[in-house]
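If you're matching positions, the sequence shown starts at 1 in this note's numbering and goes up one per residue.
We put the beta carbon where it would ideally sit given N, CA and C, even for glycine.
Keep in mind the model is a prediction, meaning the values are calculated, not measured.
Notes for the one structure printed next.
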Amino acid sequence: AIGHHFGQKTRIQFAESDFTKIAESLTLLFFPDMTADDQDLFRSLSQNSLGYNNLLYIASILAELTLNDDDGEDEQPLFKLLLIEEPEAHLHPQLQIRLLNYLKSVADKNNNVQVIVTSHSTVLASSVEIDSIIHLSKSSSPTATPLRSCGLPDGSIQFINRWLDVTKSNLLFASGLILVEGIAEQMLFPILAKEVLKEQSDGKKNL
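Here it is, written out as structure tokens:
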């Protein structure tokens, strides 16, 4: 209609205003040489696993953090900090390691970007040097202990970096640790502990 009384104001917008639903409707393209005939190879984000979608989200945040403003119109912050809580969620061990190595490479290449990761994953703990680990202890007076401040000689640091594997890294998450002389004591102590401390066989303070 034309005219003041019968005219219509129009505008163009997304039919769906919920950003989550808009994101879920996006299509993820895994291969560079695909045509419209290969519809079976296309997949929407809602069909992805939670782990892959977490990776995509982290990648988008990293892209924004490392973006350089060539125009100089907007002032860039002097320091950028990315905090990631338990990035190992829904990822198999190989992807956990690849993600951690990528985060480390981003931080190394960008002087104004620092990445802090909190984790309960022995896979991640065994994949970094101990100088990069800060041990957090939850108690009446919580403490944060950078392992680089423990005063270990270089030889010991190199040995521990080689020694800490996926299994042995459990000691970083233990509330207590017993050092024994050899394999005989290592086999005997768990049996003695189960006999003497039967009441602690289950629950938060289990053996």
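If I measure Cβ to Cβ from residue i and keep anything under 8 Å in the same chain, skipping five residues before and after, which residues do I get?
{"i": "residue 96", "result": "87, 88, 121, 123, 124 and 127"}
{"i": "residue 160", "result": "130 and 152"}
{"i": "residue 176", "result": "none"}
Spatial neighbours of residue i within its chain, please: CB distance less than 7 Å, with the 5 preceding and 5 following residues excluded, ordered by chain position.
{"i": "residue 107", "result": "113, 114 and 115"}
{"i": "residue 189", "result": "178 and 180"}
{"i": "residue 174", "result": "none"}
Specify the secondary structure class of residue i as computed by DSSP and reduced to three states.
{"i": "residue 190", "result": "helix"}
{"i": "residue 197", "result": "coil"}
{"i": "residue 64", "result": "helix"}
{"i": "residue 58", "result": "helix"}
{"i": "residue 153", "result": "coil"}
{"i": "residue 137", "result": "strand"}
{"i": "residue 130", "result": "helix"}
{"i": "residue 113", "result": "strand"}
{"i": "residue 179", "result": "coil"}
{"i": "residue 125", "result": "helix"}
{"i": "residue 71", "result": "With a pLDDT of only 47 at residue 71, under the threshold of 50, the placement of this residue in the model should not be trusted, and no figure is reported."}
{"i": "residue 87", "result": "coil"}
{"i": "residue 174", "result": "coil"}
{"i": "residue 142", "result": "coil"}
To the nearest angstrom, report how far apart residue i and residue j are at their CA atoms.
{"i": "residue 63", "j": "residue 184", "result": "53 Å"}
{"i": "residue 212", "j": "residue 56", "result": "No information on residue 212 is available, as it lies outside the stretch 1 to 207 that the chain covers here."}
{"i": "residue 152", "j": "residue 119", "result": "23 Å"}
{"i": "residue 172", "j": "residue 61", "result": "29 Å"}
{"i": "residue 83", "j": "residue 179", "result": "34 Å"}
{"i": "residue 117", "j": "residue 85", "result": "6 Å"}
{"i": "residue 155", "j": "residue 164", "result": "14 Å"}
{"i": "residue 94", "j": "residue 195", "result": "38 Å"}
{"i": "residue 166", "j": "residue 81", "result": "28 Å"}
{"i": "residue 169", "j": "residue 162", "result": "11 Å"}
{"i": "residue 47", "j": "residue 98", "result": "22 Å"}
{"i": "residue 157", "j": "residue 18", "result": "51 Å"}
{"i": "residue 186", "j": "residue 59", "result": "44 Å"}
{"i": "residue 279", "j": "residue 51", "result": "Residue 279 cannot be examined here, being either before or after the span of the chain that is shown, 1 to 207."}
{"i": "residue 191", "j": "residue 141", "result": "33 Å"}
{"i": "residue 11", "j": "residue 21", "result": "21 Å"}
Given residue i, which residues of its chain have a CB within under 6 Å of its CB, disregarding the five upstream and five downstream residues?
{"i": "residue 145", "result": "135"}
{"i": "residue 133", "result": "147"}
{"i": "residue 103", "result": "115"}
{"i": "residue 139", "result": "none"}
{"i": "residue 105", "result": "none"}
When you compare the CB positions of residue i and residue j, do they come within less than 8 Å of one another, or not?
{"i": "residue 49", "j": "residue 90", "result": "yes"}
{"i": "residue 66", "j": "residue 110", "result": "yes"}
{"i": "residue 149", "j": "residue 143", "result": "no"}
Return yes when the C-beta of residue i is under 7 Å from any heavy atom of the ligand ZN, and no when it is not.
{"i": "residue 18", "result": "Absence of the ligand ZN from the depicted structure is noted, as is the absence of any ligand whatsoever, leaving it without description."}
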